[in-house]
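Presented below is the structure to which this report refers.
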Amino acid sequence: IMSKKGCCDSVGECFFDYYTSKILVIRSRKVGTLNRFTQALVIAYVIGYVCVLKKGYQDTDTVLSSVTTKVKGIALTNTTELGERIWDVADYIIPPQEDGSFFVLTNMIITPNQTQSKCAEVSHYGRHSVQTGRCVNYNDTVKTCEVLSWCPLEKIVEPPNPPLLADAENFTVLIKNNIRYPKFNFNKRNILPNINSSYLTQCVFSRKTDPDCPIFRLKDIVEEAEEDFQTMAVHGGVMGVQIRWDCDLDMPQSWCVPRYTFRRLDNKDPENNVAPGYNFRFAKYYKDSDGTETRTLIKGYGIRFDVLVFGQAGKFNIIPTLLNIGAGLALLGLVNVICDWIVLTFMTRKHHYKEQKYTYVDDFGLVSI
Amino acid sequence: IMSKKGCCDSVGECFFDYYTSKILVIRSRKVGTLNRFTQALVIAYVIGYVCVLKKGYQDTDTVLSSVTTKVKGIALTNTTELGERIWDVADYIIPPQEDGSFFVLTNMIITPNQTQSKCAEVSHYGRHSVQTGRCVNYNDTVKTCEVLSWCPLEKIVEPPNPPLLADAENFTVLIKNNIRYPKFNFNKRNILPNINSSYLTQCVFSRKTDPDCPIFRLKDIVEEAEEDFQTMAVHGGVMGVQIRWDCDLDMPQSWCVPRYTFRRLDNKDPENNVAPGYNFRFAKYYKDSDGTETRTLIKGYGIRFDVLVFGQAGKFNIIPTLLNIGAGLALLGLVNVICDWIVLTFMTRKHHYKEQKYTYVDDFGLVSI
Amino acid sequence: IMSKKGCCDSVGECFFDYYTSKILVIRSRKVGTLNRFTQALVIAYVIGYVCVLKKGYQDTDTVLSSVTTKVKGIALTNTTELGERIWDVADYIIPPQEDGSFFVLTNMIITPNQTQSKCAEVSHYGRHSVQTGRCVNYNDTVKTCEVLSWCPLEKIVEPPNPPLLADAENFTVLIKNNIRYPKFNFNKRNILPNINSSYLTQCVFSRKTDPDCPIFRLKDIVEEAEEDFQTMAVHGGVMGVQIRWDCDLDMPQSWCVPRYTFRRLDNKDPENNVAPGYNFRFAKYYKDSDGTETRTLIKGYGIRFDVLVFGQAGKFNIIPTLLNIGAGLALLGLVNVICDWIVLTFMTRKHHYKEQKYTYVDDFGLVSI
Numbered sequence: 001i002m003s004k005k006g007c008c009d010s011v012g013e014c015f016f017d018y019y020t021s022k023i024l025v026i027r028s029r030k031v032g033t034l035n036r037f038t039q040a041l042v043i044a045y046v047i048g049y050v051c052v053l054k055k056g057y058q059d060t061d062t063v064l065s066s067v068t069t070k071v072k073g074i075a076l077t078n079t080t081e082l083g084e085r086i087w088d089v090a091d092y093i094i095p096p097q098e099d100g101s102f103f104v105l106t107n108m109i110i111t112p113n114q115t116q117s118k119c120a121e122v123s124h125y126g127r128h129s130v131q132t133g134r135c136v137n138y139n140d141t142v143k144t145c146e147v148l149s150w151c152p153l154e155k156i157v158e159p160p161n162p163p164l165l166a167d168a169e170n171f172t173v174l175i176k177n178n179i180r181y182p183k184f185n186f187n188k189r190n191i192l193p194n195i196n197s198s199y200l201t202q203c204v205f206s207r208k209t210d211p212d213c214p215i216f217r218l219k220d221i222v223e224e225a226e227e228d229f230q231t232m233a234v235h236g237g238v239m240g241v242q243i244r245w246d247c248d249l250d251m252p253q254s255w256c257v258p259r260y261t262f263r264r265l266d267n268k269d270p271e272n273n274v275a276p277g278y279n280f281r282f283a284k285y286y287k288d289s290d291g292t293e294t295r296t297l298i299k300g301y302g303i304r305f306d307v308l309v310f311g312q313a314g315k316f317n318i319i320p321t322l323l324n325i326g327a328g329l330a331l332l333g334l335v336n337v338i339c340d341w342i343v344l345t346f347m348t349r350k351h352h353y354k355e356q357k358y359t360y361v362d363d364f365g366l367v368s369i
Numbered sequence: 001i002m003s004k005k006g007c008c009d010s011v012g013e014c015f016f017d018y019y020t021s022k023i024l025v026i027r028s029r030k031v032g033t034l035n036r037f038t039q040a041l042v043i044a045y046v047i048g049y050v051c052v053l054k055k056g057y058q059d060t061d062t063v064l065s066s067v068t069t070k071v072k073g074i075a076l077t078n079t080t081e082l083g084e085r086i087w088d089v090a091d092y093i094i095p096p097q098e099d100g101s102f103f104v105l106t107n108m109i110i111t112p113n114q115t116q117s118k119c120a121e122v123s124h125y126g127r128h129s130v131q132t133g134r135c136v137n138y139n140d141t142v143k144t145c146e147v148l149s150w151c152p153l154e155k156i157v158e159p160p161n162p163p164l165l166a167d168a169e170n171f172t173v174l175i176k177n178n179i180r181y182p183k184f185n186f187n188k189r190n191i192l193p194n195i196n197s198s199y200l201t202q203c204v205f206s207r208k209t210d211p212d213c214p215i216f217r218l219k220d221i222v223e224e225a226e227e228d229f230q231t232m233a234v235h236g237g238v239m240g241v242q243i244r245w246d247c248d249l250d251m252p253q254s255w256c257v258p259r260y261t262f263r264r265l266d267n268k269d270p271e272n273n274v275a276p277g278y279n280f281r282f283a284k285y286y287k288d289s290d291g292t293e294t295r296t297l298i299k300g301y302g303i304r305f306d307v308l309v310f311g312q313a314g315k316f317n318i319i320p321t322l323l324n325i326g327a328g329l330a331l332l333g334l335v336n337v338i339c340d341w342i343v344l345t346f347m348t349r350k351h352h353y354k355e356q357k358y359t360y361v362d363d364f365g366l367v368s369i
Numbered sequence: 001i002m003s004k005k006g007c008c009d010s011v012g013e014c015f016f017d018y019y020t021s022k023i024l025v026i027r028s029r030k031v032g033t034l035n036r037f038t039q040a041l042v043i044a045y046v047i048g049y050v051c052v053l054k055k056g057y058q059d060t061d062t063v064l065s066s067v068t069t070k071v072k073g074i075a076l077t078n079t080t081e082l083g084e085r086i087w088d089v090a091d092y093i094i095p096p097q098e099d100g101s102f103f104v105l106t107n108m109i110i111t112p113n114q115t116q117s118k119c120a121e122v123s124h125y126g127r128h129s130v131q132t133g134r135c136v137n138y139n140d141t142v143k144t145c146e147v148l149s150w151c152p153l154e155k156i157v158e159p160p161n162p163p164l165l166a167d168a169e170n171f172t173v174l175i176k177n178n179i180r181y182p183k184f185n186f187n188k189r190n191i192l193p194n195i196n197s198s199y200l201t202q203c204v205f206s207r208k209t210d211p212d213c214p215i216f217r218l219k220d221i222v223e224e225a226e227e228d229f230q231t232m233a234v235h236g237g238v239m240g241v242q243i244r245w246d247c248d249l250d251m252p253q254s255w256c257v258p259r260y261t262f263r264r265l266d267n268k269d270p271e272n273n274v275a276p277g278y279n280f281r282f283a284k285y286y287k288d289s290d291g292t293e294t295r296t297l298i299k300g301y302g303i304r305f306d307v308l309v310f311g312q313a314g315k316f317n318i319i320p321t322l323l324n325i326g327a328g329l330a331l332l333g334l335v336n337v338i339c340d341w342i343v344l345t346f347m348t349r350k351h352h353y354k355e356q357k358y359t360y361v362d363d364f365g366l367v368s369i
């Protein structure tokens, strides 16, 4: 007892003692093999799956992106109202510039020479204009309420089929995408360093032959999403141009390249849907020589292309690494618990092992077993 | 010594030995209970809190979203300048289409028939135009500097109150939202499969009666954010339409539904604020018969609605699961340390236990205690 | 044996036994010191690095943001076509309002009085219009194909240098940014509570003197990105206004402030680049007295400013905390393994220790060593 006390007085001494648990070594192939095997499993999981496959040693960041687009192409239409007419970028891109999205006009219902005046409303259309209370001839047979509105009213008709700007399928769009992973201060463009300007002037994206070309033919985009351009062009729709940037920044930067995929974002089937397709109304305003304002109302159908940029970058970081190693070690501890249980429950000589492993003591001293 | 050496020569033998620590079993209710109790606590935390409540077994992904909006409604204004006038979508949505955001014109200051010319500047307004150097009559009494500008200059007045397009409160907007969780390749729309087209043609969102209807009355949006539409419409503002997609993808997909909340994004109180409300200037350009360009300048006040889509999806994944289990096991180990400390410090027969637990050895052999 | 059996019959008894491993205490300064030292290292890592530096005890969320911008300024141009002309916000911001991004027109190529008609195409320009098949005089010397298009065609020339709206460098922009961390229900604006309205009316951002002022001079933005405004204005470009919100929500909210940085997003060097700079075409449409539609085509060069808001908020959360502590404890366990290995491999009296630490038993009983 003396020396013991002595120890606990002089803390320093105690402090530098080394405490290690006493071990019982059971020389049994059966359990030994089992033990090593389960340990191997756990280690294989931690090393192989967590570290190698899932890159558990990496810290991750999500992408920060900026997109500019430039559409090229020209379309010829020939209608009774307008006659032969050329449509260029300034005509069919509305608004002329957007951030990360662009709209291509493919079809329209035009109502020219509207003025603020009074006219006979189209049936069942009343709630969309203000009634004067008078009743006037809509045509020779029908009388309807008179409304105050932009007259003549827009006809309620289906959009032309085939679409007016059927040529739009051959338009091309140049998509410039600049990304940044703030946490790792890493920037990159979708125009890769290894492709030169002369190539860019004439290339068109093709998954097989030109996977790195940032210039896309509208028809290709739609068809990769397994849609038919001409059908989609009639009522319009929304296409997603998905650019995925998954980068392992422990690897050479040249391995970090964008992957393009295309997907239709709007719901085309008529079930549980409302206002299918994509269209909106806009107007061009004019003033007559006498100063009265007239406008041309255009119900524009078209395809909106949303450029959706996403992805995750990973880079070695000590914290997630040790987190996973630590968890792995803890699981290794679990292995022992299981083996102990097996040894002391199922093995023929379990009592024999128990005696060696356990020493029983109660409040009154050792317990002989 | 021989056999020992022998072992370490033939590694194979050693390798398949099973090492298990020798255990001292203390048959004391007090400490035993304490031990089990703390263990129970840790296990309860790991199972109950981490796994069940916080879904620690799930890998997470953030949402990728695309939004289209379509506003409906018509407004009647009656002013001295314009007389009776109807405003429809083409007039009050600027620009006619945007991505994930839309602006509704509710009030304006109109300055018609501006031409590039010279006129007397409005006092204290000089820095916004270029002075010619001459001094001219602003009105009978006041003389001001002459400026080169779009003349006549816009009057510096407060916007009309009540707002011109007071009717805007009854406009409705259809919000279509398509989301994707790339990591889990999961897509969904805010128009849920269980609601049919006929319902969609006439429903209006209401938190109580129609929580799934994607058509919103502008007034309702503003009022849910505890603002008054008419007041807000005078100087304009910015409203956030928040769509939250929190999805547990281990559950049926039908449980993954959007939750709508509304919030005012701009700062309305005059303290530490500048240019309160939301307004911008735009112009309609005309050409007279003689070819000179005139424009109608409109300072448009209105409410911009930003659709903010966010949320997190979780799905079972082995890595976070084992991370949490591993950490839990490590904490279980901590329990023993604590119990040991208690046993060997506070219990009456601590020396008695110490003797059994510890064997002391120094560089010169066993130490008798 | 009896009592043993007895134990396992009455589970309750067994259950409340306390199991603690038997410990061999080696009183050796060398290994003791080593042991404590490595332990200290691990603890220092967990406490110091993980918890203090990397805030391993925090749960994180990414920012949800809404941005409005308001540009101010006026420019004077003096060209042969247009004569002296004033440009104000309504003229040079296209479209008049956007979400989180704004475009400032700085340079342009104007093609007035275009009508839908036939004219001689400019060489190498054919693919951009539709040929009638006839061959006409382009000028006295050259004959080219006739095309159906908006005539006269836009001249293929370099944009003016110096840029038309050189004054744009003195324009200022007010950027209002409202952010939200949904997980923590935390909102904040970039107009901080401590700055008052009178200051906001006249301040201009300056990293040194006015780091909190949300009003930016366009020239300053460009120059902070180490670009020259006038050079950039000629062909246009894309600037990123990065607003970083890194917030430690365990600290006072007033510490959570935005950090502004500026970066050029487009690629200016001619190598591996296509369509350098930033420009787009838009048109103003007019109607003559005789009703024929004419337009003024403008190829607008300018700088698009993308406001990129990002950042991460952290707040104490029990799960990551215990994850890291658990992992730390597991690593502490590793320390013992290492020390054991050293003791039993390198120390002079290793056999002496082994004898004490290990007890060997095989299927036939104790093994004397």
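Protein chains in written order, with the UniProt record's numbering: chain D, 1 to 369; chain G, 1 to 369; chain W, 1 to 369.
Even for Gly, the Cβ is constructed at its ideal location relative to N, Cα and C.
The beta carbon of L200 of chain G sits closer than 8 Å to the beta carbons of I191, C213, P214, I215 from its chain, once the five residues preceding and following it are set aside; these are given in chain order. Ranked by Cα distance from N177 of chain W, the first of G:V274, G:M347, G:R259, G:I23 is G:V274. Chain W places no beta carbon closer than 8 Å to that of V46 of chain D, leaving this residue out of the contacts.
Counting only Cβ-Cβ distances below 7 Å, A327 of chain D has contacts in chain G at L322, L323, G326, A327, in chain order. In this structure, the straight-line span from the alpha carbon of Q58 of chain W to that of W255 of chain G is close to 29 Å. Counted as a single uninterrupted DSSP element, the alpha helix (DSSP H) harbouring Q39 of chain D occupies residues 29-44. Per DSSP, reduced to three states, the secondary structure at A275 of chain G is coil, with no helix or strand assignment.
When the alpha-carbon of L322 of chain G is set against those of D:K287, D:G56, D:C135, D:E355, the nearest one is in D:G56.
Taking L148 of chain G as the centre and dropping the five residues before and after it, the same chain places the C-beta of K118, V130, T132 closer than 6 Å to its C-beta, in chain order.
For R180 of chain D, the closest of D:I325, D:K287, D:G311, D:S65 by C-alpha to C-alpha distance is D:S65. When Cβ-Cβ separations below 8 Å define contact, Y353 of chain D makes contact with chain W. Cβ-Cβ separation between V157 of chain G and I110 of chain G: approximately 11 Å, too far for a contact (criterion under 8 Å).
Using a Cβ distance threshold of 8 Å, V50 of chain W and G311 of chain W do not count as a contacting pair. Using beta-carbon distances, I86 of chain W does not count as an interface residue toward chain D, since no partner is under 8 Å.
For W341 of chain W, the uninterrupted alpha helix (DSSP H) run begins and ends at 318-346, by DSSP. In this structure, the alpha-carbon of G314 of chain W lies about 41 Å from that of N272 of chain D. Secondary structure at P160 of chain G: coil, using DSSP grouped into helix, strand and coil. The bridge partners DSSP lists for F280 of chain G are G:G300.
Per DSSP, the unbroken alpha helix (DSSP H) holding Y199 of chain G starts and ends at 197-202. Any Cβ of chain D closer than 8 Å to the Cβ of R189 of chain G would place that residue at the interface, and such an atom is present. Not a single CB atom of chain G sits nearer than 8 Å to the CB of G277 of chain D.
I26 of chain G is classed as buried because its beta carbon has at least 16 other beta carbons within 10 Å across all chains shown.
Residue contact check for L249 of chain W against chain G: no CB pair falls below 8 Å. Counting along the chain, V222 of chain D sits inside no beta strand (DSSP E); it lies in the alpha helix (DSSP H) bounded by residues 218-224. For K118 of chain D, the enclosing beta strand (DSSP E) covers residues 101-120. Taken through DSSP and simplified to helix, strand or coil, K22 of chain D comes out as coil. Between F310 of chain D and chain G, the shortest Cβ-Cβ separation is below 8 Å.
Apart from the 5 residues on each side of it in sequence, N324 of chain D sits with its Cβ closer than 6 Å to the Cβ of V50, G56 in its chain, given in chain order. Remark: C-beta atoms of G32 of chain W and F16 of chain D approach each other more closely than 8 Å.
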